[in-house]
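*Asks:*
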Amino acid sequence: RSVSPRAVLGMTVEQTSVRFTLLHADESMLERIKKSDGSVRFDTEEEERPMFYYSKPLNYLKRRDRLELMEALLQIRMMQKRFEQ
Numbered sequence: 001r002s003v004s005p006r007a008v009l010g011m012t013v014e015q016t017s018v019r020f021t022l023l024h025a026d027e028s029m030l031e032r033i034k035k036s037d038g039s040v041r042f043d044t045e046e047e048e049r050p051m052f053y054y055s056k057p058l059n060y061l062k063r064r065d066r067l068e069l070m071e072a073l074l075q076i077r078m079m080q081k082r083f084e085q
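In the UniProt record's numbering, the protein residues as written are 1 to 85.
Put into structure tokens, the structure is as follows:
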């Protein structure tokens, strides 16, 4: 379950860099993505335009970035707790 049926929150990790990601799409597009076994093509003429957002990369070896990363994770957890109630 998600707080929003139209958004999927994620995270990418590459070496020591972490980015938060957000895919915003309508429910039918999200279903196509879930059922696919790889890449999914969207018809831009049919107004199928999912939006993909991502944060700046945070290097978990740097103290300042690590604090920002922990703060973001705690905020996500608080959002999850509110949703579960």
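Don't be surprised by glycine CBs; every beta carbon is placed ideally from N, CA and C.
As the structure is a computational prediction, the values presented were derived from the model and not from experiment.
DSSP three-state label for L67, please.
*Replies:* Within the sequence shown, the letter at position 67 stands for residue 67. It is helical.
*Asks:* Would you say T21 and Y53 are within 9 Å of each other, going by their C-beta atoms?
*Replies:* The residue given as residue 21 occupies position 21 in the sequence shown. The residue given as residue 53 occupies position 53 in the sequence shown. Yes, Cβ-Cβ distance for T21 and Y53 is below 9 Å.
*Asks:* Using a Cβ-Cβ cutoff of less than 7 Å, which residues in the same chain neighbour P50 once the five nearest sequence positions on both sides are dropped?
*Replies:* As a working note, residue 50 is residue 50 in the sequence shown. The answer, listed in chain order, is L23, H24, A25, M29, F42.
*Asks:* Can you find the residues in the same chain that come closer than 8 Å, C-beta to C-beta, to L32, ignoring five residues on each side of it along the sequence?
*Replies:* Position 32 of the sequence shown, counted from the start, is the residue given in the question as residue 32. The residue asked about is misnamed: residue 32 is Arg in this sequence, not Leu. Excluding residues within five positions, the ones whose Cβ falls inside 8 Å are V40.
*Asks:* What residue does the beta strand (DSSP E) around E48 start on, and which one ends it?
*Replies:* By 1-based counting over the sequence shown, the position of residue 48 is 48. That residue, E48, is in no beta strand (DSSP E); it is neither H nor E in DSSP.
*Asks:* Which residues bound the beta strand (DSSP E) around R19?
*Replies:* In the sequence shown, residue 19 corresponds to position 19, counting from 1. 17–24 is the span of the beta strand (DSSP E), which, as asked, contains R19.
*Asks:* In angstroms with no decimal places, state the Cα-to-Cα distance between K62 and T16.
*Replies:* Numbered from 1 along the sequence shown, position 62 holds the residue referred to as residue 62. Numbered from 1 along the sequence shown, position 16 holds the residue referred to as residue 16. Approximately 9 Å, taken between the alpha carbons.
*Asks:* Per DSSP, E84 forms a beta bridge with which residues?
*Replies:* Within the sequence shown, the letter at position 84 stands for residue 84. Answer is none; E84 lacks a bridge partner.
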